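**Student:** Heads up: the sequence lines are chains G and Z, in that order.
The first sequence: position 196 = 196 (our numbering), numbered continuously.
In our numbering, each residue's number is its place in the second sequence (first place is 1) plus 1000.
C-beta: ideal position from N, C-alpha, C; glycine also.
Because the structure is a prediction, the values reported are computed rather than measured.
Below is one structure. I have some questions about it.
Protein chains: 2
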Amino acid sequence: MGRTSDGVIDWVGRLQRIRERAPGVVLVTSLPDIRWATGFSGSNGVLVLSDRAHLLTDGRYTEQASREVSACQVHITAGGLLRHAVGTLIPEGSTVTLQAEHVTLAQLEDLEEDAEGRDLVFHHQKDLVSPLRATKDSVELGAIESAQRLTESVFRTLPRLVREGMSESELAAEITCRHLSAGAQRMSFDPIVGFGENAALPHGRPGPRRLKAGDPILVDMGCFLDGYASDMTRMMVFGTPAQEFLDGFDLVLCALGQAADKAYAGMRACDLDAVARSVIEKGGMGPAFSHSLGHGVGLEIHEAPSVSFRSEAALPDGCVVTLEPGIYLEGQFGIRIEDIVVLRPGGCDLVTDVPRDLVRI
Amino acid sequence: MGRTSDGVIDWVGRLQRIRERAPGVVLVTSLPDIRWATGFSGSNGVLVLSDRAHLLTDGRYTEQASREVSACQVHITAGGLLRHAVGTLIPEGSTVTLQAEHVTLAQLEDLEEDAEGRDLVFHHQKDLVSPLRATKDSVELGAIESAQRLTESVFRTLPRLVREGMSESELAAEITCRHLSAGAQRMSFDPIVGFGENAALPHGRPGPRRLKAGDPILVDMGCFLDGYASDMTRMMVFGTPAQEFLDGFDLVLCALGQAADKAYAGMRACDLDAVARSVIEKGGMGPAFSHSLGHGVGLEIHEAPSVSFRSEAALPDGCVVTLEPGIYLEGQFGIRIEDIVVLRPGGCDLVTDVPRDLVRI
Chain G
1 MGRTSDGVID
11 WVGRLQRIRE
21 RAPGVVLVTS
31 LPDIRWATGF
41 SGSNGVLVLS
51 DRAHLLTDGR
61 YTEQASREVS
71 ACQVHITAGG
81 LLRHAVGTLI
91 PEGSTVTLQA
101 EHVTLAQLED
111 LEEDAEGRDL
121 VFHHQKDLVS
131 PLRATKDSVE
141 LGAIESAQRL
151 TESVFRTLPR
161 LVREGMSESE
171 LAAEITCRHL
181 SAGAQRMSFD
191 PIVGFGENAA
201 LPHGRPGPRR
211 LKAGDPILVD
221 MGCFLDGYAS
231 DMTRMMVFGT
241 PAQEFLDGFD
251 LVLCALGQAA
261 DKAYAGMRAC
271 DLDAVARSVI
281 EKGGMGPAFS
291 HSLGHGVGLE
301 IHEAPSVSFR
311 SEAALPDGCV
321 VTLEPGIYLE
331 GQFGIRIEDI
341 VVLRPGGCDL
351 VTDVPRDLVR
361 I
Chain Z
1001 MGRTSDGVID
1011 WVGRLQRIRE
1021 RAPGVVLVTS
1031 LPDIRWATGF
1041 SGSNGVLVLS
1051 DRAHLLTDGR
1061 YTEQASREVS
1071 ACQVHITAGG
1081 LLRHAVGTLI
1091 PEGSTVTLQA
1101 EHVTLAQLED
1111 LEEDAEGRDL
1121 VFHHQKDLVS
1131 PLRATKDSVE
1141 LGAIESAQRL
1151 TESVFRTLPR
1161 LVREGMSESE
1171 LAAEITCRHL
1181 SAGAQRMSFD
1191 PIVGFGENAA
1201 LPHGRPGPRR
1211 LKAGDPILVD
1221 MGCFLDGYAS
1231 DMTRMMVFGT
1241 PAQEFLDGFD
1251 LVLCALGQAA
1261 DKAYAGMRAC
1271 DLDAVARSVI
1281 EKGGMGPAFS
1291 HSLGHGVGLE
1301 IHEAPSVSFR
1311 SEAALPDGCV
1321 VTLEPGIYLE
1331 GQFGIRIEDI
1341 VVLRPGGCDL
1351 VTDVPRDLVR
1361 I
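Written as structure tokens, this is what we have:
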């Protein structure tokens, strides 16, 4: 299932599982999918699964590819990778499966031009690799946990940093600096920092707004470590907040607690979303919970499975998802609390290891 | 030409220039293209040019879109933007032009499904907006210069920061922190920091390699400010370097100087590349210059025009490009020096305002 019993990743097994999902030759062009399937972490690559597995990249990655990739033949090419793949690695007369979400119309046009006279048939398929990636093995879980521990260590330093008059941008810059100084490869997204009424913009950019007494502070942040992402949202408050905010906080806290208590592998995504949503609806704040409950986290900060009211798909065993209910009242305040969990048949394990409580400064 | 005489951007003119390049209704799906055409800087948007100009986005951006966008009707939609565009904004029987590089096979499949029964014909076109963006107006030039000034102010602090035993990752983290603290929105790419032999990896990731006496230091960095990017590479050396390095540095310096002296709007990209390349070839290092001379810089860190030996296109008046010759000797050292210039019919103006000299620490 993607790894052998001794904790080493079973790359051959991962490649085989992709092959089983599509007929003929498979062209994998999504870089996170290539990383999952081969270990290659460069910024330019194509994976061809034909008679055997071929990884194509360019001369910048010669040394890196030979170090990272064990189950594919590595090809270093000077020109376009797709052109090389079609011109030399795919047998004449093949049917070639492309990743529908990861090939543009321009790329298909070029491929068809390069394949002229070679009797290739291209077809495309959605969700070729993402469902395989949804279930995490223990190596992946360890990487996500390490990234999350790093983010939590940064979070614990924030109360001492926050001061009256500082801007959202300043706090966001410090959050990034502290992640990088602690060894993060990069942020998994630009930190979201919202003071007071700005926290009502679910994905607002930190701006010049300065902190003043009574302001709630929303902080949503994460980083990449060993290729895997962390993600966490917590609420702080500077001074004494309005009672409406405290009531809202308790409601969101309850929604998250209920969702974590009732989550298990095999339940439908929409049913898990509904657990949190019904708490917020009963509190009279239904319309203020304007997004879905969560999303998968792994080699990408947003990946399968979606924990959405729109998805009737069953959540797979071993998937890692965020649970992040929120309420947003324009012009007043916003509240979101976000944990990461691993779903198992009997329930879920928390990856996040920081109390959900409101941090009072 | 994209702005009126009083320095305000002529959004209506920009939209009109896109329309003139394609028949029928145009669907713009590249976010930097949308920003260039409308001013909208959110992370989710679609621009529809039909009877009039429509910008579609979601509820997170209601306030931002109304503030940023003046020449389009703004539509806030709850579901998929493309579905909404096809379902309600595009007249039946239309021909619809898509951006070939910015629409995936999955998106086209969904579009065709959504258009069922509405008699729409989709076709796609390459390079729909990028050539328009290549020529910068004075507002854009001002933004690039501001971003570049910020990067240069960070660069000037580096000699005091560099110390024996520090790692590439530590220096890279500091570079990011100093950019963000100085007000950059984000980095335009993860800083490239290479010590000694690691500088021979043209786009290597900073790692645990520690600085020791005699090491060359390659630093390539840039940020976004007001949406526009900066980009600069400089060489430093810690202690006394090998003579071969100093000889190589002089060669690359000469190649950049020649390229900047001879660059002008209207010349072919390959001819400008050849100016720098011939200097390096005459120095006997031709094969070590393993990439093209430069690339356009603007709302993206890499955009049109490419200054490549492969491109016979004329470089347009007012384009902003990097000139970044380099030589890379595996296991020994790498050298790259990079300026940004604006091309004019009579020559080029330097945007970069930091001496190209080797910085000795």
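Answer with yes or no whether the minimum CB distance from Z:VAL1121 to chain G is below 8 Å.
**Tutor:** Chain G places no beta carbon closer than 8 Å to that of Z:VAL1121, leaving this residue out of the contacts.
**Student:** Anything in chain G within Cβ reach of Z:ALA1147, meaning under 7 Å, just list it in chain order.
**Tutor:** Neighbours of Z:ALA1147 on chain G: none; closest Cβ ~16 Å, over 7 Å.
**Student:** Please state whether DSSP places G:LEU272 in a helix, a strand or coil.
**Tutor:** In this structure, G:LEU272 counts as helix in the three-state DSSP scheme.
**Student:** Locate the beta strand (DSSP E) running through Z:HIS1179, then write down its first and last residues.
**Tutor:** In the DSSP assignment, Z:HIS1179 falls outside any beta strand (DSSP E) and within the unbroken alpha helix (DSSP H) covering 1168-1181.
**Student:** Return the bridge partner residues of Z:ILE1034 from the DSSP annotation.
**Tutor:** Paired residues: none, contrary to the question.
**Student:** For G:LYS126, count neighbouring C-beta atoms within 10 Å of its own C-beta (all shown protein chains included) and say buried if the count is 16 or more, exposed if not.
**Tutor:** exposed
**Student:** Taking buried to mean at least 16 other C-beta atoms within 10 Å of its own C-beta, is Z:ASP1273 buried or exposed?
**Tutor:** buried
**Student:** In the structure shown, what three-state DSSP assignment does G:CYS72 receive?
**Tutor:** coil
**Student:** Excluding the 5 residues flanking G:ASN44 on each side, which residues of the same chain have their C-beta closer than 6 Å to its C-beta?
**Tutor:** THR57 and ASP58
**Student:** On the three-pair Cβ rule with 8 Å, is the region 1233-1247 of chain Z touching the region 1265-1281 of chain Z?
**Tutor:** Not touching, per the Cβ criterion.
**Student:** Determine the chain Z residues that contact G:LEU299 at a beta-carbon separation under 9 Å, and present them in chain order.
**Tutor:** Simply none; closest approach about 16 Å.
**Student:** With a cut-off of 8 Å on the beta carbons, I'd call G:GLU168 and G:ASN198 a contact; round off their distance for me.
**Tutor:** 7 Å
**Student:** Tell me whether G:GLY2 sits in a helix, a strand or coil according to DSSP, three-state version.
**Tutor:** Low confidence applies to G:GLY2: its pLDDT is 41, below 50, so where it sits in the model is not reliable, and the reading given next is rough at best. When DSSP states are grouped into helix, strand and coil, G:GLY2 belongs to the coil group.
**Student:** Leaving aside the five residues before and after G:MET1 along the sequence, list all residues of the same chain whose C-beta is less than 6 Å from its C-beta, in chain order.
**Tutor:** Note on G:MET1: pLDDT 38, under 50, position unreliable in the model; the coordinate value appears next. The answer is none, since no qualifying residue turns up.
**Student:** According to the Cβ coordinates, are Z:GLY964 and Z:ILE1144 closer than 8 Å?
**Tutor:** Coverage of chain Z is limited to positions 1001 through 1361, which leaves residue 964 of chain Z absent and any answer about it impossible.
**Student:** For G:HIS124, would you say it is in contact with chain Z, using Cβ-to-Cβ distances shorter than 8 Å as the test?
**Tutor:** With a threshold of 8 Å between beta carbons, G:HIS124 makes contact with chain Z.
**Student:** What would DSSP say about Z:TYR1264, mapped onto helix, strand or coil?
**Tutor:** coil
**Student:** Since Z:ALA1182 contacts Z:VAL1154 with CB under 8 Å, what's their CB separation in whole angstroms?
**Tutor:** Correct: roughly 6 Å between the Cβ atoms.
**Student:** Note down, in chain order, each residue of its chain lying with its Cβ closer than 6 Å to the Cβ of G:HIS302, except the 5 sequence neighbours on either side.
**Tutor:** HIS295
**Student:** Residues of chain G with a CB under 7 Å from the CB of Z:GLY1059: which are they?
**Tutor:** SER290
**Student:** Can you tell me which residues form a DSSP beta bridge with G:HIS295?
**Tutor:** G:SER306
**Student:** Considering only C-alpha positions, which residue in the set Z:GLY1318, Z:GLU1300, Z:PRO1325 and Z:PHE1333 is nearest to Z:PHE1309?
**Tutor:** Z:PRO1325
**Student:** Find the residues of chain G that neighbour Z:HIS1102, judging by a C-beta separation of less than 8 Å, and give them in chain order.
**Tutor:** THR104
**Student:** Over the uninterrupted beta strand (DSSP E) stretch that includes Z:GLY1142, give me the two end residues.
**Tutor:** Counting along the chain, Z:GLY1142 falls outside any beta strand (DSSP E), though it belongs to the alpha helix (DSSP H) covering 1138-1161.
**Student:** By the DSSP assignment, the beta strand (DSSP E) with G:ILE340 in it spans what residues?
**Tutor:** 339-344
**Student:** Chain Z beta carbons: is any one of them nearer than 8 Å to that of G:CYS177?
**Tutor:** Taking 8 Å as the threshold, the shortest C-beta distance from G:CYS177 to chain Z falls below it.
**Student:** Which whole-angstrom value is the C-beta distance of Z:LEU1049 and Z:VAL1074, which I expect to be below 8 Å?
**Tutor:** Contact doesn't hold; Cβ gap of about 14 Å is too wide.
**Student:** Run through DSSP, which three-state label would Z:ALA1022 get?
**Tutor:** coil
**Student:** Is Z:VAL1162 closer than 8 Å to G:THR104 when the C-beta atoms are compared?
**Tutor:** no
**Student:** So within the region 1058-1125 of chain Z, which uninterrupted beta strand (DSSP E) runs reach at least 3 residues, ignoring any that extend past its ends?
**Tutor:** 1073-1076, 1095-1099 and 1121-1125
**Student:** Output the boundary residues of the alpha helix (DSSP H) element that contains Z:GLY1216.
**Tutor:** According to the sequence shown, residue 1216 of chain Z is Pro rather than Gly. Where Z:PRO1216 is concerned, there is no enclosing alpha helix (DSSP H), although the beta strand (DSSP E) it sits in stretches over 1215-1221.
**Student:** Taking the continuous alpha helix (DSSP H) assigned at G:ARG133, which residues delimit it?
**Tutor:** 130-134
**Student:** Would Z:GLU1281 count as contacting chain G if we go by Cβ distances under 8 Å?
**Tutor:** no
**Student:** Going along chain Z in order, which residues have a C-beta closer than 7 Å to the C-beta of G:SER181?
**Tutor:** Those within 7 Å of G:SER181 in chain Z are ALA1173.
**Student:** Quick check on G:ASP349: does DSSP put it in helix, strand or coil?
**Tutor:** strand
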